[in-house]
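2 protein chains.
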Amino acid sequence: MVVLSRGGRDAASNESAKAADIDKEESDALFTSSLARGLMVLEAFAQQPGPMSLSEIAGIAGLNKSAVQRLAHTLLKLGYLERHKNGLTPGRRVLDRAYDYLKGSPLIRRSVPVLANLRTSFNERVDLSLFDDLTIMYVSRMHGKPEMSHAHLIGRRLPTYCTAGGRAIMSHLPESEVLDILERSERRKLTSRTATEIADILSLIERAREDGFAMSVEELLIGDITVAAAVLDAKGRPVGAVHLGGGTGDWSPEEFARRAGPLALTAARELSGD
Amino acid sequence: MVVLSRGGRDAASNESAKAADIDKEESDALFTSSLARGLMVLEAFAQQPGPMSLSEIAGIAGLNKSAVQRLAHTLLKLGYLERHKNGLTPGRRVLDRAYDYLKGSPLIRRSVPVLANLRTSFNERVDLSLFDDLTIMYVSRMHGKPEMSHAHLIGRRLPTYCTAGGRAIMSHLPESEVLDILERSERRKLTSRTATEIADILSLIERAREDGFAMSVEELLIGDITVAAAVLDAKGRPVGAVHLGGGTGDWSPEEFARRAGPLALTAARELSGD
DNA sequence: CAAATCGTATCGATATACGATACGAACGTA
DNA sequence: TACGTTCGTATCGTATATCGATACGATTTG
Numbered sequence: 008m009v010v011l012s013r014g015g016r017d018a019a020s021n022e023s024a025k026a027a028d029i030d031k032e033e034s035d036a037l038f039t040s041s042l043a044r045g046l047m048v049l050e051a052f053a054q055q056p057g058p059m060s061l062s063e064i065a066g067i068a069g070l071n072k073s074a075v076q077r078l079a080h081t082l083l084k085l086g087y088l089e090r091h092k093n094g095l096t097p098g099r100r101v102l103d104r105a106y107d108y109l110k111g112s113p114l115i116r117r118s119v120p121v122l123a124n125l126r127t128s129f130n131e132r133v134d135l136s137l138f139d140d141l142t143i144m145y146v147s148r149m150h151g152k153p154e155m156s157h158a159h160l161i162g163r164r165l166p167t168y169c170t171a172g173g174r175a176i177m178s179h180l181p182e183s184e185v186l187d188i189l190e191r192s193e194r195r196k197l198t199s200r201t202a203t204e205i206a207d208i209l210s211l212i213e214r215a216r217e218d219g220f221a222m223s224v225e226e227l228l229i230g231d232i233t234v235a236a237a238v239l240d241a242k243g244r245p246v247g248a249v250h251l252g253g254g255t256g257d258w259s260p261e262e263f264a265r266r267a268g269p270l271a272l273t274a275a276r277e278l279s280g281d
Numbered sequence: 008m009v010v011l012s013r014g015g016r017d018a019a020s021n022e023s024a025k026a027a028d029i030d031k032e033e034s035d036a037l038f039t040s041s042l043a044r045g046l047m048v049l050e051a052f053a054q055q056p057g058p059m060s061l062s063e064i065a066g067i068a069g070l071n072k073s074a075v076q077r078l079a080h081t082l083l084k085l086g087y088l089e090r091h092k093n094g095l096t097p098g099r100r101v102l103d104r105a106y107d108y109l110k111g112s113p114l115i116r117r118s119v120p121v122l123a124n125l126r127t128s129f130n131e132r133v134d135l136s137l138f139d140d141l142t143i144m145y146v147s148r149m150h151g152k153p154e155m156s157h158a159h160l161i162g163r164r165l166p167t168y169c170t171a172g173g174r175a176i177m178s179h180l181p182e183s184e185v186l187d188i189l190e191r192s193e194r195r196k197l198t199s200r201t202a203t204e205i206a207d208i209l210s211l212i213e214r215a216r217e218d219g220f221a222m223s224v225e226e227l228l229i230g231d232i233t234v235a236a237a238v239l240d241a242k243g244r245p246v247g248a249v250h251l252g253g254g255t256g257d258w259s260p261e262e263f264a265r266r267a268g269p270l271a272l273t274a275a276r277e278l279s280g281d
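So the sequences go chain by chain: A and B.
FYI, in this note's numbering the residues of the first sequence are 8 to 281.
FYI, in this note's numbering the residues of the second sequence are 8 to 281.
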């Protein structure tokens, strides 16, 4: 019997917890729940970034105190947790694992020179994101003008439905899959200009399909304008996007699209076809 | 009984495996070895970044095939591993955990504007690293001139003994601790100019103690020159370093020290004392 | 000073992870 | 075509490692 309380599971993964998943896991002889529970302890810090006590972790992860005691003890010893004065925090070891991921990814490896060149020819923010269902995850950033670098950390996730990158990606997906994503997305207005109606988003995606790149003007952050083009794998499936970002103070949307769009598209094509 | 084969343990952690650790772990009722074994599966990718089969993982991690089958199955389901055509690779979930770490760290949070300003006033590479015994780990980078950005990824570790940051950090440690670090370090010549003799390194550290910052000229990479100052916690213990890097084509070591040294020191002080 | 909460330690029961084994598919070679 | 290897996957009886209730001293809080 695999004991995975609903609360803990939902807390851990925001998207992949469809209704059927739980049934699957319950009848899964190969599933090692000790490992899953240990990871739940780490995942608790997604909900509360700061230091936490064992009981707090237990509450968020949906585990009893004894389990958290043992699992945290183990993670502490292995460096995946660290002891601070106010409680436990994630440990530096997690960055080692992230490094392994980045180092092992051919896409990310190849992207370094391409993005660096892109930043040379266009002195603005350059990002690479990976497609992951309802979110896109930022994995690489080359800063443009320092005044525009609001803290974007590696591993940050943003919604697929309202980002330029997400829409560029969706423009390479079949309609049914796009609708599935949009319907499952919690489409909130992050700014007053965020497109949240499915019809509106579909027409923006259609536009992106024609242009080869997508644009988002102040939909995530006032003052920010982003253009993005999708990176495809060998089979033509979108796996990520190249983003170029600038400030509305420096650019009109039309100018930005004219200048940045083709650059993003070229770079994305260069990275495509692993 | 905690079954942790020597090979697997060593593979996983390069520094914290002192002789006593194994005895400790053997008589540790709280240690959850299933969790540890699961993490060993992930840690295998530190040795071989690319896609691996179950057997390959088993070989590197020092686990039998059945264990890897179950653990990998679990990690796969949770997103910590991904399936590629040639085998398994780390999954995007590991980047989520890294994000939690970065987001939860007050030092890293505070460093973003400071490093951005630093890059404004000094148009070269700016890094933040964290001290971790024999290595320092890079956690933040602001790129300078694109032509100088060789791929430095988040989570990369470099030796403490031969980096400017490491020596800046050691200049704030008691002599006994410095000697301990130097003696346990495998001091190799990474370039012809790498300082490897303990006496030489100690005098460089002494120099750093006087100046407030350390310098490393082509000790890691020919053509590269780095200056760094240590970031201290509230108790005055070094926790990391601010690095400024430039090219030997653009700077003489003396010029670079005169210009970059004080900037690194100021930034490091600004980040100190949490 | 009492109550709550912290981290830590102990321990018996049993659910759980273990690992040997088997099987079909895919691949490369003879 | 046939064979040998290695892959991923599935099964299962057993031993034990994990479980979770419980207890304790130290701190903190009201």
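Glycine included, each C-beta is placed from N, C-alpha and C at the ideal position.
If you're wondering where the values come from, they're calculated on a predicted model, not measured in any experiment.
- Can you tell me the Cα-Cα spacing of B/Arg44 and B/Arg116, whole angstroms? 32 angstroms
- Counting along the chain, where does the alpha helix (DSSP H) carrying A/Pro260 start and finish? 260-278
- Tell me the start and end of each unbroken alpha helix (DSSP H) in the segment 113-153 of chain B that is at least 4 residues and wholly inside, in chain order. 113-128
- Can you give me the Cβ contacts of A/Ala65 inside the same chain, cut-off strictly under 7 angstroms, excluding the 5 residues immediately before and after it? Asn71, Lys72, Val75
- Would you mind telling me which residues of chain B sit closer than 7 angstroms to A/Met144, beta carbon to beta carbon, in chain order? Arg99, Leu102
- Query: Do you know how far the Cα of A/Leu78 is from the Cα of B/Leu42?
  - Reply: 8 angstroms
- Query: Among A/Gly252, A/Arg265, A/Gly247, which residue has its Cα nearest to the Cα of B/Arg99?
  - Reply: A/Gly247
- Task: Identify the contact partners of B/Lys110 in chain A, using a Cβ-Cβ distance below 8 angstroms as the criterion.
- Result: Pro56, Leu160
- Message: If you follow the beta strand (DSSP E) that A/Glu89 is in, where does it begin and where does it stop?
- Response: 88-91
- Whole angstroms is fine: what's the gap from B/Ser12's alpha carbon to B/Gly69's? Because the pLDDT at B/Ser12 is just 34, under 50, the model does not fix this residue reliably, and the value given afterwards should be weighed accordingly. In a straight line, the C-alpha of B/Ser12 is about 6 angstroms away from that of B/Gly69.
- Message: Does the contact criterion of 3 or more C-beta pairs under 8 angstroms hold for the segment 193-204 of chain B versus the segment 244-261 of chain B?
- Response: no
- If we count the other Cβ atoms within 10 Å of its Cβ and call it buried at 16 or more, is A/Ile229 buried or exposed? exposed
- Task: Can you have a look at A/Pro97 and say buried or exposed, based on whether 16 or more other CB atoms are within 10 angstroms of its CB?
- Result: buried
- Can you have a look at A/Ser112 and say buried or exposed, based on whether 16 or more other CB atoms are within 10 angstroms of its CB? buried
- Task: Identify the continuous alpha helix (DSSP H) that holds A/Arg163 and give its terminal residues.
- Result: Counting along the chain, A/Arg163 falls outside any alpha helix (DSSP H), and DSSP gives it neither H nor E.
- Query: By DSSP, does B/Ala248 sit in helix, in strand, or in coil?
  - Reply: strand
- Item | Whether B/Ala171 touches B/Ala275 by CB criterion (8 angstroms) | no
- Query: Which chain B residues sit within Cβ distance under 7 angstroms of A/Ala53?
  - Reply: Asp103, Asp107
- Message: Just verifying my parser: in three-state terms, what is the DSSP assignment at A/Asp231?
- Response: strand
- Query: Can you give the Cα-Cα distance for A/Leu180 and B/Asp218, rounded to whole angstroms?
  - Reply: 58 angstroms
- Query: Which one or two residues does DSSP pair with A/Pro2 in a beta bridge?
  - Reply: Any property of residue 2 of chain A remains undetermined from this structure, which presents chain A solely from 8 to 281.
- Alpha carbon to alpha carbon, how far is B/Ser118 from B/Leu278? 7 angstroms
- Task: Kindly say whether B/Gly45, judged by its beta-carbon, lies nearer than 8 angstroms to any beta-carbon of chain A.
- Result: yes
- Kindly give me the distance between the Cβ atoms of B/Ile176 and B/Ala237, rounded to whole angstroms, as I take these residues to be in contact under 8 angstroms. 5 angstroms
- How would you list, in chain order, the residues of chain B whose beta-carbon sits under 8 angstroms from the beta-carbon of A/His38? The residue you asked about is not His; residue 38 of chain A is Phe in the sequence shown. Per Cβ cutoff of 8 angstroms: Arg77, His80, Thr81, Lys84.
- Item | Cut-off 8 angstroms between Cβ atoms - residues of its own chain near A/Leu82, not counting five sequence neighbours on either side | Gly45, Val48, Leu49, Leu88, Gly98
- Identity of the residue in B/Pro269, B/Pro166, B/Asp187, B/Ser183 nearest B/Ala202 by Cα: B/Pro166
- Assuming B/Leu122 and A/Tyr106 make a contact with CB atoms under 8 angstroms, what is their CB distance in whole Å? Rounded, the Cβ-Cβ distance is 20 angstroms, inconsistent with contact.
- Task: Please list the partners that B/Ser41 has in chain A, where partner means a Cβ-to-Cβ separation under 7 angstroms.
- Result: Thr39, Ser41, Leu42
- Query: Are the C-beta of A/Leu137 and some C-beta of chain B separated by less than 8 angstroms?
  - Reply: yes
- Query: Along chain B, which residues have their Cβ under 8 angstroms away from the Cβ of A/Leu49?
  - Reply: Arg104, Asp107
- Using a Cβ cut-off of 8 angstroms (strictly closer), state whether A/Arg266 contacts chain B. no
- Could you work out which residues of chain B lie near A/His150, taking near to mean beta carbons separated by less than 7 angstroms? Met149, His150
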